[in-house]
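So the structure is just underneath, and the comments pick up after that.
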Amino acid sequence: MKLSIIGLGKFGSPMAAVMAHKGHTVVGVDVNADFVKAIQEGRPPVREPQLAEMITANRERLSATTNYQEAILATDVTFIIVPTPSEQSGRFSMAYVLKAAESIGAALRKKDWHLVVLSSTVMPGSTETVLKPALERASGKKCGEDFGLCYNPEFIALGSVVRDMLNPDMVLIGESDPRSGAILEELYTGVCESNPKIRRMNYVNAELTKLSVNAFVTTKISYANMLAQVCETLPGADVDVITAAVGCDTRIGAKYFKGALGYGGPCFPRDNRAFSALARDNGAPALLAEATDALNNRQAPRMAEQILAKLPKGGTAGVIGLSYKPYTEVTEQSQGIFIAQKLLEAGVKVIVYDPEAMNNAKRELSGNVTFASSTAEVVRAVDVLAITTPWPEFARITMDDIRNGPVAVVDCWRMLSPEARECVPEYFTLGKGWSAGANARQLAAQAD
Ligand SMILES: NC(=O)c1ccc[n+]([C@@H]2O[C@H](COP(=O)([O-])OP(=O)(O)OC[C@H]3O[C@@H](n4cnc5c(N)ncnc54)[C@H](O)[C@@H]3O)[C@@H](O)[C@H]2O)c1
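Residue numbers (this note's numbering): 450 to 897.
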């Protein structure tokens, strides 16, 4: 098929690459001329695993422009993947989508039939009551007859966007008419490698399904985090042992069921808040979504309290892990950033490091903070160390690294090896509590 993709950001550029990789001709459109130039030169506009290789390998089918008309006239299907930022109320703004709709509508005037697909996350009701009338106005045409309109979000996580797009559990399609839904179904049947379930429905059901999936997953994460805190109060309890057993129940499942820090990033927190806002606005109880959010907001202050409790007067705290999850440079709503901010607010000297997110972290952290250039630099320099993102390199911290380092480690993802843990005088396992390393005790006794 010939596809145009409006918005070449964290979601749109991997989408363009994946579609080209599967043999489709793709024209990307972005208002950011640098992103357009990157695609034209065969470079990825954003950092994401597998993206650079996929763009390089498919250059003959992948181009980009800032010109809507050119892209839409040359293609049959147009995906809208522009930002829908959260408003103060928690609802998503349609401002960027409406701007895109004006230009798409103008181009549609020159076409016989075209399929428009909205993939940005929107509030339930937005496709029918906001986008559809805007496109009809701008094009002078009728939706369902002169052009098709679908709502088709993706279930992807930064750091694994390409893999997630190729292997979804489900393809979700809200459709104006059966012809439009069938075109998207055929497209995804050819693109996905996981033989996903395809669910076709009306717009509002698809919009609410998208929000519900993320609101449910965040509830599951907050549940595991609540369980972790309870475990810390019960001698002998270990959240990993319990979640591994509970997750064996197929009604619950093991995915995203690990007691640790809160969820972050550009989707989970705001999707859950949008779900709350929707329920509240419509007079339905939002209790569960609100409790999920409240529990999530407690995680960073809770860990900052543990760190401060062990920090010697005038001591230095270290935070390693500033991206909101591994394999991304994104720091939006990152727990590591929140913890570092809490410590800085408390007047503590802080040293931070992340394998990929240092540039973004420098924009978010200010004051008495040092930006280190390696994990080892932080480990050597601090009195209390917090491990806040499960980057694999943190699991490679050795006994020798840690032996002459911090007096306490707060390990939110249980990353330190058992041998390294034993060398730490005081070790906090999130979901288990504080313990003293046997080797550290021995070393201390020898010193006496
Ligand atoms: N990133 C994710 O993991 C993810 C996952 C699911 C859903 N989403 C949703 O997808 C949407 C886009 O998210 P993103 O993370 O890709 O955002 P992003 O900010 O990374 O990218 C958006 C891109 O759209 C471009 N843009 C803005 N207005 C435009 C216009 N009028 N015409 C052309 N281009 C325009 C921007 O320049 C930018 O490059 C949001 O609604 C988001 O909630 C994102």
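Glycine is no exception: its CB is placed at the ideal position from the N, C-alpha and C atoms.
{"query": "With distance defined between alpha-carbon atoms, name the residue in Trp862, Pro839, Glu871, Trp840 nearest to Gly854.", "result": "Glu871"}
{"query": "In the structure shown, what three-state DSSP assignment does Phe787 receive?", "result": "helix"}
{"query": "Taking 7 angstroms as the cut-off, does the CB of Asp860 come closer than this to any heavy atom belonging to ligand 1?", "result": "no"}
{"query": "For ligand 1, I want to know if Pro573 counts as a neighbour, meaning its beta carbon is within less than 7 angstroms of at least one of the ligand's heavy atoms.", "result": "no"}
{"query": "Does the distance from the C-beta atom of Thr474 to that of Arg508 stay below 8 angstroms?", "result": "no"}
{"query": "Just how far apart, CA to CA, sit Thr777 and Ala487?", "result": "19 angstroms"}
{"query": "Please list the terminal residues of the continuous beta strand (DSSP E) segment that includes Cys599.", "result": "597-600"}
{"query": "Smallest Cα separation from Asp742: which of Leu727, Gly763, Arg719, Gln755?", "result": "Arg719"}
{"query": "DSSP state of Arg863, grouped into three classes?", "result": "coil"}
{"query": "Count the other CB atoms, across all protein chains shown, that sit within 10 Å of the CB of Val827; report buried if there are 16 or more and exposed otherwise.", "result": "buried"}
{"query": "Let me check one thing: in DSSP terms, what residues is Gly767 bridge-paired to?", "result": "Ile800, Leu834"}
{"query": "Answer with buried or exposed for Ala673, where buried requires no fewer than 16 other C-beta atoms within 10 angstroms of its C-beta.", "result": "buried"}
{"query": "Just verifying my parser: in three-state terms, what is the DSSP assignment at Ser671?", "result": "helix"}
{"query": "Residues in the same chain with beta-carbon distance under 6 angstroms from Ser512, minus the five sequence neighbours each way, listed in chain order, please.", "result": "Val476"}
{"query": "Helix or strand or just coil, what does DSSP make of Lys759?", "result": "helix"}
{"query": "Suppose contacts are defined by Cβ-Cβ distances below 8 angstroms. Is Ser462 in contact with Ala723 by that definition?", "result": "no"}
{"query": "Using the Cβ count rule (16 or more neighbours within 10 Å means buried), how would you classify Gly597?", "result": "buried"}
{"query": "Take Cys680 and list the residues in its own chain whose beta-carbon comes closer than 8 angstroms to its own, dropping the five residues that flank it on each side.", "result": "Ala686, Asp687, Val688, Ile691, Gly708, Gly880, Lys881, Gly882"}
{"query": "What three-state label does DSSP hand Ile454 in the structure shown?", "result": "strand"}
{"query": "For ligand 1, is there a heavy atom less than 7 angstroms away from the beta-carbon of Pro715?", "result": "yes"}
{"query": "For Glu603, is the beta carbon positioned less than 7 angstroms from some heavy atom of ligand 1?", "result": "yes"}
{"query": "Taking the alpha-carbon positions, what's the Val859 to Leu834 distance?", "result": "6 angstroms"}
{"query": "Helix, strand or coil, according to DSSP, for Thr878 in the structure here?", "result": "strand"}
{"query": "Can you determine whether any heavy atom of ligand 1 sits closer than 7 angstroms to the C-beta of Ser569, and answer yes or no?", "result": "yes"}
{"query": "Pop quiz: Asn644 and Gly623 are said to be a contact at Cβ under 8 angstroms. What is the actual Cβ separation, rounded to whole angstroms?", "result": "Rounded, the Cβ-Cβ distance is 21 angstroms, inconsistent with contact."}
{"query": "To the nearest angstrom, how far is the alpha carbon of Leu683 from that of Phe877?", "result": "14 angstroms"}
{"query": "How many whole angstroms separate the CB atoms of Ala810 and Thr837, which I take to be in contact at a CB cut-off of 8 angstroms?", "result": "So it is not a contact: roughly 12 angstroms between Cβ atoms."}
{"query": "Can you check whether the CB of Pro602 is closer than 8 angstroms to the CB of Ser568?", "result": "yes"}
{"query": "Can you give me the start and stop residues for the beta strand (DSSP E) that Ile691 sits inside?", "result": "Looking at the DSSP string, Ile691 is not in any beta strand (DSSP E); the run it does join, the alpha helix (DSSP H), is 688-695."}
{"query": "Could you round the C-beta distance between Leu557 and Cys599 to whole angstroms and report it? I think they count as a contact, below 8 angstroms.", "result": "Going by Cβ atoms, the distance from Leu557 to Cys599 rounds to 15 angstroms, so no, they are not a contact pair."}
{"query": "Since Met619 sits in a beta bridge, which residues does DSSP pair it with?", "result": "Lys646"}
{"query": "Counting only the same chain and skipping the five closest in sequence on each side, list residues whose C-beta sits under 7 angstroms from that of Ile756.", "result": "Ala766, Leu792, Val833, Ala835, Val859"}
{"query": "Identify, in the order they occur along the chain, each residue of the same chain with its Cβ nearer than 6 angstroms to the Cβ of Ala738, setting aside the five sequence neighbours on each side.", "result": "Ala664, Asn721, Phe724, Ser725"}
{"query": "Is the closest heavy atom of ligand 1 to the C-beta of Leu457 under 7 angstroms?", "result": "yes"}
{"query": "Which residue wins for smallest C-alpha separation from Thr515, given the options Ser552, Lys591, Gln537, Phe820?", "result": "Ser552"}
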